[in-house]
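Here is the structure we will look at, set down as structure tokens.
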Amino acid sequence: MRHPRIGSALVLALVPALAMPVAASVNQAAADLAFADAMDACAAATHQGPHPFVPGFVIEHVVAGEDEAGRCPYSQTMPGGMRMECALSGEGRAALAREFREMAEGRLQGGTADQPAWTGECELVLPDGKRQPMRQ
């Protein structure tokens, strides 16, 4: 059975929550900036953030540190028991870090049809364990 292409769900996970209280949004922005720095350096780090369209869902972001091939393993939990797993190049890492900085500054824009180039370095892991490329 072919699963529908749902790679654009990633973009949904990276859009800031608009209804966040001011104090929480300031703390979230600081956490977003710290995670962006870790992403740039490919330093092991974790980060949590609210999903913008799924109330109560918290996205778990993980940078595992540089692997033997020089790539940067990154993963993110997604609604529906899915997970995104990436092996980011230096360019991919820089682009994702830039998105976290834009999110912290309230400048991230995009929609479900937009897929950043770095998502081509990622796979979607479905609840049944099957994998599909984020970009096809």
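Throughout the sequence shown, residue numbering follows mature numbering (1 follows the signal peptide of the UniProt record, and there is no 0), covering -19 to -1, 1 to 117 in sequence.
We put the beta carbon where it would ideally sit given N, CA and C, even for glycine.
These numbers come from a predicted model, not from an experiment.
Residue environment: Thr27 is assigned as exposed (fewer than 16 neighbouring CB atoms within 10 Å of its CB, all protein chains considered). Its Cα nearest to that of Val35, the residue Gly62 stands out among Gly62, Ala76, Ala24. Around the CB of Pro114, fewer than 16 other CB atoms lie within 10 Å, so the residue is classed as exposed. In this structure Thr100 does not touch Arg88 by the C-beta definition: roughly 19 Å separates them, more than the 8 Å allowed.
DSSP links Ser70 through a beta bridge to no other residue. Judged by DSSP in its simplified three-state form, Gln96 adopts coil rather than helix or strand. Your pair Glu41 and Gln29 checks out as a contact, with CB atoms roughly 6 Å apart and the cut at 8 Å. Apart from sequence neighbours up to five positions away, the residues of its chain that approach Cys103 with a beta-carbon distance below 6 Å are Met65, Cys67, Met115, ordered along the chain.
In this structure, the beta-carbon distance from Leu69 to Arg82 does not fall below 8 Å.
Residue environment analysis places Ala78 among the buried positions, since at least 16 neighbouring C-beta atoms fall within 10 angstroms of its C-beta. For Ala50, there is no enclosing beta strand (DSSP E), as DSSP gives it neither H nor E. Shown here, Met84 sits in a helix according to DSSP, grouped into three states. For Arg112, the uninterrupted beta strand (DSSP E) segment begins and ends at 112 to 114.
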